[in-house]
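Here is the structure we will look at, set down as C-alpha cells.
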Amino acid sequence: MLDIAILPAFNDNYIYLLREPETSKVAVVDPGTADPVLTALEARGWPLDMILLTHHHADHVGGVDTLKERFGAEVVGPAADANRISGLDRGVGEGDEVPFGAESALVYETHGHTRGHIAFWFPGSTALFSGDTLFALGCGRLFEGTPAEMWASLQKLRGLPDDARVYCGHEYTESNARFAVTVEPENEALAERAAQVRADRSQGRPTVPSLLGLEKRTNPFLRADVPEVQAALGKPGADPVAVFADIRARKDSF
Ligand code: ZN
Ligand code: FE
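This note's numbering applies: residue 1388 is where the sequence shown begins, and numbers increase by one.
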C-alpha cells in the first residue's frame, strides 16, 4: 500500500506525496508549487522519483520545473497536453499503465475540465487521483469540454469500486455540500455528509480522501441519471447529459 501524505498549497489546492514502501520510490501528484513538496521531502529525508500531472493548469504544474531540476524526477502527464506542459517526459493516455515501484497506476482520460485531463488509479492501494475532474461532492468547471465529455469522464470514474479513495485537486467540499443539498434536499446520506463536512472544516481537517461509494450516493454530479435527482430537478426520464449540464450550470451561478 502506498503511503500518501496530503500537502495543502495555495488557498485550497492539495498536492499529494506518495511513497511505495517496498521500493522506497517517491512521487508527487500535481505540485502546483515546489515549496511544500521540498519541505515535506526534507522532513522525511526522501528523494523524488516521479511527478504525476493530471492537467496543465498552473495551480497543478507550477512546481514541476523546480522539482525536476532538483531531483531529476520523471514527469508523467497527459500526452494530449505535451505542447503546454513544460518538462513532460512521458505523455500518457487512456489505458496506459505507469509503473511505480511495486505498484502501478492506470490512466483514465477524463476530459471536460480541460481537453487533456487525466486521472490516475492505483488499484493496489485503491487510490484515485482525480485532479479537477471529480471533487468531493463536486466536479470541475467545464473550461475546455462539453457536458457530454465531462459526464462520460465522471461515469468512467464512477465505475471504480466503492472503496476507492478519492484524492482530488482542491478542498472545495464545504461549498460543494452547500450546493448539493439544494439539488437533493431529501437525500439523507447527503445531509449527514454535509454536516460531517462542516464539522471537519470547522476543525481545519481535510475532507479528502473521500470514498467513491459515498460520492456515488451523495455527489449530484455523479447522479444525473438517478431517478430521484432527475425528479428533484423536474426532469424525470431526461437524457443524463442534459441533467448533468443543468446541475453544472446551476453550480456555476450558485
Ligand atoms: Zn484545473
Ligand atoms: Fe485546479
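Beta carbons are placed, not taken as given, at the ideal position from N, Cα and C, and that holds for glycine.
Rounded C-alpha distance that separates residue i from residue j
i, j, result
"GLN1590", "PRO1614", "35 Å"
"THR1426", "ARG1406", "15 Å"
"ALA1632", "GLY1499", "12 Å"
"CYS1555", "THR1453", "23 Å"
"ASP1390", "GLY1532", "33 Å"
"PRO1408", "VAL1570", "42 Å"
"GLY1525", "ALA1625", "21 Å"
"VAL1485", "ALA1492", "5 Å"
"GLY1450", "GLU1573", "43 Å"
"GLY1474", "PHE1458", "13 Å"
"ALA1523", "TRP1433", "29 Å"
"ASP1612", "TRP1538", "10 Å"
"LEU1541", "LEU1521", "7 Å"
Residue i, buried or exposed, once every other Cβ within 10 Å from all chains shown has been counted against 16
i, result
"MET1437", "buried"
"GLY1600", "exposed"
"SER1597", "buried"
"ALA1564", "buried"
"PHE1608", "buried"
"PHE1509", "buried"
Residues of its chain near residue i, where Cβ-Cβ distance is below 6 Å and the 5 sequence neighbours each way are ignored
i, result
"ARG1588", "GLU1561"
"ALA1619", "GLU1571"
"LYS1543", "TYR1495"
"ALA1421", "GLY1450, THR1453 and LEU1454"
Nearest to residue i (by Cα), restricted to the options the options
i, options, result
"GLY1503", "LEU1521, ASN1398, GLY1464 and GLY1546", "GLY1464"
"PHE1516", "LEU1454, ALA1414 and GLY1621", "ALA1414"
"GLU1456", "PHE1487, ALA1535 and ASP1476", "ASP1476"
"SER1411", "GLY1478, GLY1488 and GLY1419", "GLY1488"
"ARG1431", "LEU1404, PHE1608 and GLU1461", "LEU1404"
"ASP1468", "VAL1628, VAL1479, PRO1548 and LYS1603", "VAL1479"
"PHE1604", "ARG1585, PRO1623, LYS1622 and ASP1550", "It should be pointed out that residue 1604 corresponds to Arg in this sequence rather than to Phe. Looking at the Cα atoms, ASP1550 is the closest of the given residues."
"GLU1496", "VAL1595, GLU1481 and GLY1474", "GLU1481"
"ASP1417", "TRP1433, LEU1428, ALA1445 and ASN1398", "ALA1445"
"LEU1439", "ASN1606, THR1501 and PHE1507", "PHE1507"
Cβ-based neighbour list, residue i, same chain, cut-off 7 Å, excluding 5 preceding and 5 following
i, result
"PHE1566", "LYS1638 and PHE1641"
"VAL1568", "LEU1577, ALA1578 and ALA1581"
"PRO1534", "VAL1628, PHE1631, ALA1632 and ARG1635"
"ARG1545", "LYS1603 and LEU1609"
"ALA1466", "GLY1478, VAL1479 and GLY1480"
"ARG1471", "HIS1443"
"THR1435", "Checking the sequence, you will find Leu at residue 1435 rather than Thr. Hits under 7 Å: VAL1413, VAL1415, LEU1428, LEU1454, PHE1458 and ALA1460."
Cut-off 8 Å between Cβ atoms - residues of its own chain near residue i, not counting five sequence neighbours on either side
i, result
"PRO1593", "ILE1393, PRO1395, TYR1401, GLU1558 and ASP1587"
"THR1513", "PRO1548, ASP1550, ALA1551 and ARG1552"
Residues whose Cβ lies closer than 5 Å to any heavy atom of the ligand MN, in chain order: Inclusion of the ligand MN in the displayed structure is not the case, the ligand content consisting of the ligand ZN and the ligand FE alone.
Taking only runs that begin and end inside the stretch 1392 to 1427, name each unbroken beta strand (DSSP E) of 3 or more residues, in chain order. 1400 to 1407 and 1412 to 1416
With a floor of 3 residues, list each beta strand (DSSP E) that falls wholly inside the stretch 1562 to 1592, ordered by position along the chain. none
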